[in-house]
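**Student:**
2 protein chains.
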Amino acid sequence: MDIREIERFLKFNQIKPSHHRLKIYEYLVKNKNHPTADLIYRELVDEIPTLSKTTVYNTLNLFVEKGAAQLITIDESENRYDADMSIHGHFKCKHCGKVYDFPLNFAAIDMGGLQNFQVEENHIYLKGLCNDCQIQKEN
Amino acid sequence: MDIREIERFLKFNQIKPSHHRLKIYEYLVKNKNHPTADLIYRELVDEIPTLSKTTVYNTLNLFVEKGAAQLITIDESENRYDADMSIHGHFKCKHCGKVYDFPLNFAAIDMGGLQNFQVEENHIYLKGLCNDCQIQKEN
DNA sequence: TCATAAAAATGTAATCATTACAAATTAATA
DNA sequence: TATTAATTTGTAATGATTACATTTTTATGA
C-alpha cells in the first residue's frame, strides 16, 4: 500500500486523511510489528516533531472505531494495534516477546455453545515459545 | 468443589492454602463471572474485613503463575480471572458486557503458519451481541 | 509452651498507560 | 478573506496495578 492507497482506504472508512493520520496508518501498514501507541509515537516524532502522544491515541482509537485497524490485547498491560483486518491469529513468544501473525481457519472454531450469538470480532491469542527461541534454548 | 477440594487443589499447585487464598479461589470457583481483582475485593471485604486489595492482586498473580487460574485480557483496560483451566473460549457481549464461556475444539485451529512453535497458552476471545441482547434489540 | 524464623497480608505511595479537557492550530467553506 | 468546523496539542486527571516497608500470622524447634 502506497500513500495514495492509504488515503483512499482511510476515506473509504469515513476517516478524513489528515497528514498525521496518514503517517500513523502508514506506520502500521509498513511495520507489521503490532506496536503500542507509545512505540508509534517514538518512531514518528523525529520525522513529525509537532506530533503529540494524545494525537496518536486519538488516531488509533478512531481507526479501531471505524474498522480500519484492530486492537490487540494479548498483553495485559498495554494495547497493541494491527492494520491487518483479515482474519488471523496472534502468537506471542514468552521468551523474546515478539508477536507473530498466523493464518486462521475461523470456520473450524465450533461455537456450539453459543446459539444465536452474533459474532462481530474474533481475537485468537496463543502464547509459548517461538521457533527461534526454542532453538536457542536447546543449545 | 467444596472448601476441602479447593485446599487440596491449591496444595497440588504448590500454593499454601491460607484463609484469604482459599476464599479468593472459592469466589472464582463459585462465581464463574470472570471477575476483576477489584470486584473480588468488593465482594469479599464484607465477609473478610481485614482483606486488602493488594492481597487480592498478589493472590491472583500467584494463582496465574502457579497455573491455578488464568488471566483473561478480553477487556482492554482491566484484567479478569478464571479458575476454569480447561480449554474453552470467551465471548463478550458488546451490549450488556457479560462474558460467556463456550466449548472449544482447539485441535481444529490450524496453525500451519507456526511450524515448530510450542504453544503453552491459548486465549480465544469473541465479541458481538449475545442472544439476550439481540432479542431485546428486535423488540 | 515459648522463642524465633519464615511466610502472608496490609496500607500507602508510586508507576504507567490512557483519557479528559480546554486552548491553539489547521483546514474547509461560503 | 472571514467564519466555522475539524484536528491537534499539552497538561492534568484517572484508574488499574505494582513496589515496598511494616505488621501480622503461621510454622518450626528448643
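Going down the list, the protein sequences come from chains A and B.
Position in the first sequence (first residue = 1) + 6 = the working numbering.
Position in the second sequence (first residue = 1) + 6 = the working numbering.
Cβ atoms here follow ideal geometry from the backbone N, Cα and C, with glycine treated the same way.
Here the structure is a predicted model, which is why all the values come from computation and not from measurement.
1. Using the rule of at least 16 other Cβ atoms within 10 Å of the residue's Cβ for burial, across every protein chain shown, is CYS99/A buried or exposed?
2. Less than 8 Å separating the beta-carbons of VAL35/A and ILE12/A?
3. Using DSSP with H/G/I as helix, E/B as strand and the rest coil, what is GLU13/A?
4. Any beta carbon of chain B sitting closer than 8 Å to that of ILE115/A?
5. Can you tell me whether THR65/A is helix, strand or coil according to DSSP?
6. Anything in chain A within Cβ reach of PHE123/B, meaning under 9 Å, just list it in chain order.
7. Going by DSSP, name the residue or residues bridged to LEU34/A.
8. Taking C-alpha atoms, which residue in ASN137/A, LEU120/A and SER92/A lies nearest to ASN111/A?
9. Less than 8 Å between CB atoms is the rule here; does ILE144/A satisfy it with respect to chain B?
10. Assuming TYR5/B and ILE78/B form a contact by the criterion Cβ under 8 Å, report the distance between their Cβ atoms to the nearest whole angstrom.
11. Could you give the first and the last residue of the continuous beta strand (DSSP E) run that contains LEU132/B?
12. Only counting the same chain, and skipping five residues up and downstream in sequence, which positions put a Cβ closer than 7 Å to that of HIS94/A?
13. Can you name the residues of chain A whose CB is closer than 8 Å to the CB of LEU50/B?
**Tutor:** The structure says:
1. buried
2. yes
3. helix
4. yes
5. helix
6. The answer, in chain order, is PHE97, CYS99, TYR106, PHE108, LEU132, GLY134, LEU135, CYS136, ASN137 and GLN140.
7. Its beta-bridge partners do not exist; DSSP assigns none.
8. SER92/A
9. Inspection of the sequence shows that residue 144/A is occupied by Glu rather than by Ile. Cβ-Cβ to chain B under 8 Å: no for GLU144/A.
10. Missing from the structure shown is residue 5/B; chain B here goes from 7 to 145 and no further.
11. Residues 124–135.
12. Excluding sequence neighbours, HIS94/A sits near ASP107, PHE108, PRO109 and LEU110.
13. Residues of chain A passing the Cβ test: none, with the nearest at roughly 22 Å.
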